[in-house]
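Trainee:
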Amino acid sequence: MAGSSSGRSPSAEREPGPAAPSAEQALLRAGLALAERPGALRELSALLEAADPRWLRGSAGSAALGRLAAALGGLAAPPRREQDGAEPPGRDAALAAVAERAERVGAAFLVLLQKLEDARSQQPPGAAAAGPVPQRVLGHAFIFAVTHKDERPWTTARSRAVAQELLERLVRAAGCGSVEEFLRGKEGDEEGRFGEVMGLLKQELTKDTWKCNPASKDVFSWSLLRVSRPWLCPHLERVLPPALLLSDDFQEENKVLGVRCLHHIVLNVPGADLCQFNRAQVVFHALYNHLYSREAPLIQAVLLCLLDLLPVLERCQRRQGHGRATSPWDQVLQLVLTHMEAEHRLALRRVYAGTLPAFVTRLGILIVRHLKRLERVILGYLEVSDGPGEEARLGILETLQCTIEHAWPRMPCRLPVLLKALLRLLWDVHTERGPTPEPVRAALLHRATQCLILLDRCCQGQVKVLLAGLHSCCEESQLQECLRKVQEST
Numbered sequence: 311m312a313g314s315s316s317g318r319s320p321s322a323e324r325e326p327g328p329a330a331p332s333a334e335q336a337l338l339r340a341g342l343a344l345a346e347r348p349g350a351l352r353e354l355s356a357l358l359e360a361a362d363p364r365w366l367r368g369s370a371g372s373a374a375l376g377r378l379a380a381a382l383g384g385l386a387a388p389p390r391r392e393q394d395g396a397e398p399p400g401r402d403a404a405l406a407a408v409a410e411r412a413e414r415v416g417a418a419f420l421v422l423l424q425k426l427e428d429a430r431s432q433q434p435p436g437a438a439a440a441g442p443v444p445q446r447v448l449g450h451a452f453i454f455a456v457t458h459k460d461e462r463p464w465t466t467a468r469s470r471a472v473a474q475e476l477l478e479r480l481v482r483a484a485g486c487g488s489v490e491e492f493l494r495g496k497e498g499d500e501e502g503r504f505g506e507v508m509g510l511l512k513q514e515l516t517k518d519t520w521k522c523n524p525a526s527k528d529v530f531s532w533s534l535l536r537v538s539r540p541w542l543c544p545h546l547e548r549v550l551p552p553a554l555l556l557s558d559d560f561q562e563e564n565k566v567l568g569v570r571c572l573h574h575i576v577l578n579v580p581g582a583d584l585c586q587f588n589r590a591q592v593v594f595h596a597l598y599n600h601l602y603s604r605e606a607p608l609i610q611a612v613l614l615c616l617l618d619l620l621p622v623l624e625r626c627q628r629r630q631g632h633g634r635a636t637s638p639w640d641q642v643l644q645l646v647l648t649h650m651e652a653e654h655r656l657a658l659r660r661v662y663a664g665t666l667p668a669f670v671t672r673l674g675i676l677i678v679r680h681l682k683r684l685e686r687v688i689l690g691y692l693e694v695s696d697g698p699g700e701e702a703r704l705g706i707l708e709t710l711q712c713t714i715e716h717a718w719p720r721m722p723c724r725l726p727v728l729l730k731a732l733l734r735l736l737w738d739v740h741t742e743r744g745p746t747p748e749p750v751r752a753a754l755l756h757r758a759t760q761c762l763i764l765l766d767r768c769c770q771g772q773v774k775v776l777l778a779g780l781h782s783c784c785e786e787s788q789l790q791e792c793l794r795k796v797q798e799s800t
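Each number in our numbering corresponds to the 1-based position in the sequence shown with 310 added.
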């Protein structure tokens, strides 16, 4: 008996059922043939439909399914580009072929998931429960679904519908309630699928390969933005280099996407981890170089990211013993004000003016270091209308209000200049009847009035004295109402 037992072949110890070994072998052959013979996809789908799901429970079955899922995902990948991102010849025909194959690949993935779910339910009495769906299968299916679910040059309405259905089935097959839970894992469960997805994307997100597959950056960013604190921190080493690569590209679209990924990392990774190995300093230098750009979307993304990164970097420098004189806030604000002073493009003026109040608030009383240049910027921006929305003027008025609140001891010596600029603004808004809507005009008048009230308080009532004669000679109007509010303020 012992000799008979030791002479058994490994295949004899697999799950019972005459169809299991042959089904596995046939599926493996069909899966391996996908790369060389896409027509094998029809054969594979038929085999999946007819396969006995019981053999899927074994470790050999899981390994085979991982290779099969990788072959399926590769078959529906978008056409490869050159290393510099250049499109290959025959692009249109290749994109149409990918979209057609994606429909059949998505259907095959759906059948495969259904079989894996059936493997759990079709258990003989007393048998051990089937294991979860293999992570490798879920990872490849997820990458395929995210690649094809949105409108892209390589998708059609039908392929997008199949990919969306597959994504929803993946979430259910993993026992999760949302894509976010699918990626990060359930509460208290550290085994989410995000690590598996990033592992599969690793070879596609290197310096030499990330442009070859046009879908890699989309899958990476879409997945990253759905993993938040505290689940993102263990994956920092995997997600930070690709985000820096994207932000360092020459195309604006990729730069903005990379900066948004960096911003998400800054918001969802503890500052202590960002400070290790000078990661925060590396990110700061990458963002600071973008401040020389002339593209408004990129500047806006960079400034918003810096507002959240600079406090982390400042804490790092304090722990390292650096003084306040080396504050990165001053370095950034000095460059921003320099660019603002000479900027004439309205889109950039709006972006700069919209983020400037946050910088003034964060610096607090230390804004006095930049008052000369900031005053010139405020005066210049108050003089020029930037369109019906008046975003730049409204932002600059908010900046002036924050500056008065934080640097009020320095305001009396600047009262004549600031008072003249605010009164000119009030007069222009009152007299000009352009395309500016009434709510926007009212907002401008209100913010200018608030600035006058604050100036009066920090200048011991000098504003009221100077406005007394002007108030008496104004006719009944919105302008008189603004001056009256200043006179009646306490």
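Where is the CB? At the ideal position from N, CA and C, for every residue including glycine.
#1: Nearest by alpha-carbon distance to A403: which of L710, T465 and G699 is it?
#2: Of all the options E562, P544, L385 and C571, which has the alpha carbon lying nearest to the alpha carbon of L614?
#3: Measuring CA to CA, which of Y602, L577 and V593 is closest to L556?
#4: Rounded to whole angstroms, what is the Cα-Cα separation between L735 and A758?
#5: P389: buried (16+ other C-beta within 10 angstroms of its C-beta) or exposed?
#6: With a threshold of 6 Å on Cβ separation, who are the neighbours of H716 within its own chain once the five nearest residues in sequence on each side are excluded?
#7: From S531 to Q591, what distance separates their C-alpha atoms?
#8: State buried or exposed for A452, treating a residue as buried only when at least 16 other CB atoms are found within 10 Å of its CB.
#9: How many angstroms separate the CA atom of L617 from the CA atom of P607?
#10: When you compare only the Cα positions, how much space is there between P747 and G699?
#11: Quick one: residues in its chain with C-beta nearer than 8 Å to the C-beta of A438, no 5 flanking neighbours on either side, listed in chain order?
#12: Go ahead and pull the three-state DSSP assignment for L390.
#13: Which residue marks the beginning of the alpha helix (DSSP H) containing Y602, and which one marks its end?
#14: Do you know whose CA, among E413, R629, V694 and H600, lies nearest Q561's CA?
#15: Grouping DSSP H, G and I as helix and E and B as strand, with all else coil, what is H654?
#16: On the premise that V489 lies in contact with V481, defined as a C-beta separation below 8 Å, what is that separation, rounded to the nearest angstrom?
#17: For G416 and S469, which I take to be in contact (beta-carbon distance under 8 Å), what is that distance rounded to the nearest angstrom?
#18: Compare the C-alpha of K512 against each of E547, R539 and R536 and name the closest.
#19: With 16 other CB atoms within 10 Å as the buried threshold, where does P719 fall?
#20: Buried or exposed, going by whether 16 or more other CB atoms sit within 10 Å of the CB of A345?
#21: Applying the criterion that 16 or more other CB atoms from any shown protein chain within 10 Å of the CB defines a buried residue, is E506 buried or exposed?
#22: If you draw a straight line from the alpha carbon of A412 to that of L681, how long is it in whole angstroms?
#23: Where do the ends of the alpha helix (DSSP H) carrying A824 lie?
#24: So which of A381, N578, L358 and G509 has the shortest CA-CA distance to R542?
#25: Judging by CA-CA distance, which residue of F587, R672 and L647 is the nearest neighbour of V661?
#26: If we ignore side chains and look at the alpha-carbon of each, how far apart do L729 and S695 end up?
#27: Name the residue from A778, L710 and T741 whose alpha carbon lies nearest to the alpha carbon of L765.
#28: For R743, which of helix, strand or coil comes out of DSSP?
#29: Please state whether DSSP places R539 in a helix, a strand or coil.
#30: Could you work out which residue in H756, T713 and H573 is closest to C768 when comparing CA atoms only?
#31: Take V447 as the anchor and find which of D460, K459 and E427 has the nearest alpha-carbon.
#32: Output the distance between the C-alpha atoms of D640 and A731, rounded to the nearest integer angstrom.
#33: Measure the Cβ-Cβ separation of S487 and R494 and say whether it is below 7 Å.
#34: Rounded to whole angstroms, what is the Cα-Cα separation between R686 and A467?
#35: By a C-beta neighbour count over all protein chains shown, 10 Å radius and 16 as the cutoff for buried, is S526 buried or exposed?
#36: Three-state secondary structure (DSSP) at V579?
Mentor: Taking the geometry as given:
#1: Check the Cα spacing between A403 and each of L710, T465 and G699: the tightest is with T465.
#2: Distance check between L614 and each of E562, P544, L385 and C571 places C571 closest, using alpha-carbon atoms only.
#3: When only C-alpha atoms are compared, the closest one is V593.
#4: Rounded to whole angstroms, L735 to A758 spans 8 Å at the Cα level.
#5: Buried: at least 16 other Cβ atoms inside 10 Å.
#6: So the list reads G674, I675 and I677, once near-sequence residues are dropped.
#7: One C-alpha to the other measures close to 22 Å.
#8: In the sequence as displayed, the identity of residue 452 is Phe instead of Ala. Counting every other CB atom within 10 Å of its CB across the protein chains shown gives F452 a total of 16 or more, marking it as buried.
#9: L617 and P607 have their C-alpha atoms roughly 16 Å apart.
#10: Approximately 8 Å between the Cα atoms of the pair.
#11: With a pLDDT of only 43 at A438, under the threshold of 50, the placement of this residue in the model should not be trusted; the figure read from the coordinates follows. Nothing listed; no residue qualifies.
#12: Checking the sequence shown, residue 390 turns out to be Arg, not Leu. Here R390 sits in coil by DSSP.
#13: Element bounds for Y602: n/a, residue is neither H nor E.
#14: In terms of CA proximity to Q561, H600 leads the group E413, R629, V694 and H600.
#15: Assigned with DSSP and collapsed to three states, H654 falls in coil, not helix or strand.
#16: At roughly 6 Å, the Cβ-Cβ gap stays under 8 Å, so V481 and V489 are in contact.
#17: That belief holds up - the Cβ atoms of G416 and S469 are roughly 7 Å apart, short of 8 Å.
#18: Of all alpha-carbon atoms in E547, R539 and R536, the one lying nearest the alpha-carbon of K512 is that of E547.
#19: The residue is exposed, with fewer than 16 neighbouring Cβ atoms inside 10 Å.
#20: Reliability fails at A345, whose pLDDT of 49 lies under 50, so the model's placement of it is uncertain and the value that follows must be treated cautiously. Burial call: exposed.
#21: Counting C-beta atoms within 10 angstroms of its own C-beta, E506 has 16 or more neighbours from the protein chains shown and is therefore classed as buried.
#22: Whole-angstrom Cα-Cα distance: 59 Å.
#23: Because the chain is modelled from 311 through 800, residue 824 falls outside the range shown and cannot be assessed.
#24: The residue asked about is misnamed: residue 542 is Leu in this sequence, not Arg. Selected option, being the one with the closest Cα: N578.
#25: Selected option, being the one with the closest Cα: L647.
#26: Their Cα atoms are separated by approximately 18 Å.
#27: For L765, the closest alpha carbon among the candidates A778, L710 and T741 is that of L710.
#28: Looking at R743 - three-state DSSP - the assignment turns out to be coil, as it is neither helix nor strand.
#29: The three-state secondary structure of R539, taken from DSSP, is coil.
#30: Relative to the Cα of C768, the nearest Cα in the group H756, T713 and H573 belongs to T713.
#31: Residue E427 holds the alpha-carbon nearest to the alpha-carbon of V447 among D460, K459 and E427.
#32: When rounded, the distance between both Cα atoms is 26 Å.
#33: Per the sequence shown, residue 487 should be read as Gly rather than Ser. No, they are not a contact pair.
#34: Each residue's CA atom was taken as its position, placing R686 and A467 some 54 Å apart.
#35: Counting other Cβ atoms within 10 Å of its Cβ, S526 reaches 16 or more and is therefore classed as buried.
#36: V579 falls in the coil class under three-state DSSP.
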